[in-house]
Amino acid sequence: MLDTLAEAWSADHHGASIWADPNVTFLDPCTKSGVFLREITSRLAKGLAGAIPDLRDRVDHILTRQVFGIGITRLTAMLARRSLYCSKQADGEHSIASSFNTEDGHVWFERTEHAWNKGKCVHCGASQSTLDRGEDRETHAYAFIHTDNIKARIAELFGGDMQFDVIIGNPPYQLDDGGFGASAIPIYNKFVEQAQALEPRYLTMVIPARWLFGGRGLDEFRKSMLTDERIRQLFDYPDSRQVFPSVDVAGGICYFLWDRDNPGTCRIIEMNHDLSNSESSRPLLENGAEVFVRSHVALSVLKKVVSVETSQIQSLGLPEAKRFDQQVSSQKPFGLRTYFRGASSPSKENDLVVLQSGGRAWTSRAEITAGQELIDKWKVFTSKSSSEHAGQFDKNGQRRVLSKSGVIPPGSVVTETYILLGTYDNETEARNCFTYATTKFFRFLVATRSSAQDLAKSAYSFVPIQDFSQPWSDRDLYVKYGLSEEEIAHIEKLIRPMSASDD
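So for the sequence shown, the working numbering puts the first residue at 70; every next one is plus one.
Below, the structure is given as structure tokens:
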């Protein structure tokens with residue numbers, strides 16, 4: 070991230086080094102161990118050797134005038150000070166900074182409280198029942214995002230009318246909102262938005278990549294970011310373990326460089342499974358798309374699909390009548406929750422077979438509260454959860470995408486564990502639809518649209534509907550859409566084989 074920042078600074082300042090400028094200011098608004106601040110200080114200490122020859126004076130200048138941080142907890146603030154000042158007190162006898170007269174120095178932390186309203190924090194959405202835990206516990210009310218006026222708040226923390234040239238950080242990702250089960254809301258987006266409101270010259274943060282495609286409560290953030298031409302570089306890691314080996318973040322990790330005064334096309338670096346990378350320069354949001362298209366090869370395939378289906382070459386949007394997602398059911402197609410358990414055997418002749426978590430069971434028609442018109446049709450089903458953990462590859466760098474899938478006959482239903490990919494009056498069309506869903510082509514387009522653990526209806530919006538009076542193979546689809554050898558090889562390499570026999 071710092072190398073990317075330095076390259077951008079140099080390009081915008083006629084080849085000058087950011088590390089040789091004694092006036093550039095840096096802020097980490099969510100510092101933990103102080104790793105960013107420490108590395109910035111180290112680079113400035115080398116770069117400013119000519120401007121400030123005395124090492125002690127140089128380090129003191131950097132720490133008191135150029136490098137600032139906000140701790141996310143009392144402990145992390147202390148760790149950051151130890152890392153940066155070599156002392157948990159900035160004005161202590163062992164501190165390498167000589168001009169501070171406060172213990173905090175420029176790594177600030179004070180306990181901040183949530184602003185509760187109807188059981189939720191108005192700033193971050195956290196649950197009062199979860200985080201209103203008394204004065205002896207951390208509140209996780211991060212100061213940077215718990216204010217309506219971030220510029221005034223920064224002035225309060227560091228004095229004067231502070232204007233930072235660079236904001237950098239790895240913000241907290243989510244907080245518990247007190248919902249059903251393991252319910253969490255993202256908050257990293259709020260750190261990005263607050264940082265943008267400060268109008269730094271450059272902003273770079275490492276955050277989950279989920280916002281690129283979906284994510285709870287991220288629609289407005291995604292729209293704003295994908296249409297912001299000041300995001301000039303995006304480094305995309307589909308598997309979070311490529312960045313943080315011991316951390317599992319669904320959908321991957323990314324970091325970006327936001328360049329306030331230099332809008333334009335974004336340079337996108339896609340990290341492959343083997344840590345090689347592919348690079349392209351293109352808009353983050355293509356015409357007709359609602360999400361970011363992660364792979365430049367996938368983008369080429371999508372354009373060919375739309376061209377064949379609509380004769381349009383400037384859009385990724387298929388008309389609704391040709392979009393597969395229009396025939397995909399919503400969650401709970403028959404009103405049965407995931408925890409529903411049918412009987413182990415039928416009690417009446419016309420009882421329905423239920424495909425539920427753990428196998429098959431039986432229930433009466435009276436239990437069905439939705440989708441009654443679908444009961445007596447042939448149905449193509451798949452698990453609502455993807456085969457892999459949200460975007461992760463197997464050891465061979467491949468994904469299966471769809472989990473348990475198949476065809477079930479009239480007189481059968483599914484619980485919320487599954488969704489329906491289509492319903493038909495005859496078995497032939499149902500079988501042909503299922504065969505289509507098992508193709509690598511189909512699953513590649515689903516993977517392109519979504520990296521979530523649960524494959525929502527929208528995950529199928531890039532997939533074109535076919536004529537299911539006939540079966541479809543990958544070869545048929547490659548020919549129909551005129552895919553190149555490179556595109557075919559990319560799909561074949563990325564997507565695992567899947568049998569067309571019922572799971």
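A virtual CB, placed ideally from N, CA and C, is assigned to each residue, including glycine.
| query | result |
| --- | --- |
| Alpha-carbon spacing of Phe249 relative to Arg127, whole angstroms | Confidence at Phe249 is low in this model, with a pLDDT of 45, below 50, so the placement of that residue should be treated as unreliable; the coordinate-derived value is given next. In a straight line, the C-alpha of Phe249 is about 53 Å away from that of Arg127. |
| Continuous alpha helix (DSSP H) stretch holding Lys372: start and end | His365 to Thr379 |
| Rounded C-alpha distance that separates Phe213 from Asp288 | 22 Å |
| Contacting residues, own chain, Cβ-Cβ under 8 Å from Pro479 (five flanking each side not counted) | Ile444, Asp445, Lys446 and Trp447 |
| Span separating the alpha-carbon of Ala412 from that of Phe450 | 21 Å |
| Close-in-space but distant-in-sequence residues of the same chain around Trp177 (CB under 6 Å, 5 per side omitted) | Ile139 and Leu226 |
| Exposure label - Phe313; buried when at least 16 CB within 10 Å | exposed |
| Neighbourhood of Lys549 by C-beta, 7 Å cutoff - its chain only, sequence neighbours within 5 removed | Val377 |
| Proximity of Gln311 and Arg336 at Cβ, strictly below 8 Å | no |
| Beta-carbon contacts of Asp343 that lie in its chain and below 8 Å, excluding the five residues immediately before and after | Gly466 |
| Closest by C-alpha distance to Thr273, when choosing among Asp234, Ser309 and Gln243 | Asp234 |
| His83 versus Gly357 - alpha carbon distance | 38 Å |
| Check whether Gln425 and Phe403 have beta carbons under 8 Å apart | no |
| Distance CB(Thr497)-CB(Trp541) smaller than 8 Å | no |
| C-beta atoms of Pro53 and Leu117 nearer than 8 Å | The chain is shown only over 70 to 572; residue 53 falls outside these bounds and no answer can be derived. |
| Cβ pair count under 8 Å reaching 3, the stretch 526-545 against the stretch 291-305 | no |
| Asp234 (DSSP reduced to helix, strand or coil) | coil |
| Option nearest Thr492 by Cα separation, candidates Phe282, Val261 and Gly475 | Gly475 |
| Coil, strand or helix - Gln400 by DSSP | coil |
| Runs of alpha helix (DSSP H) wholly within the stretch 91-122 (minimum 4 residues, chain order) | 104-116 |
| Residue closest to Gly386, alpha-carbon to alpha-carbon, out of Ser369, Ser398, Glu359 and Arg279 | Glu359 |
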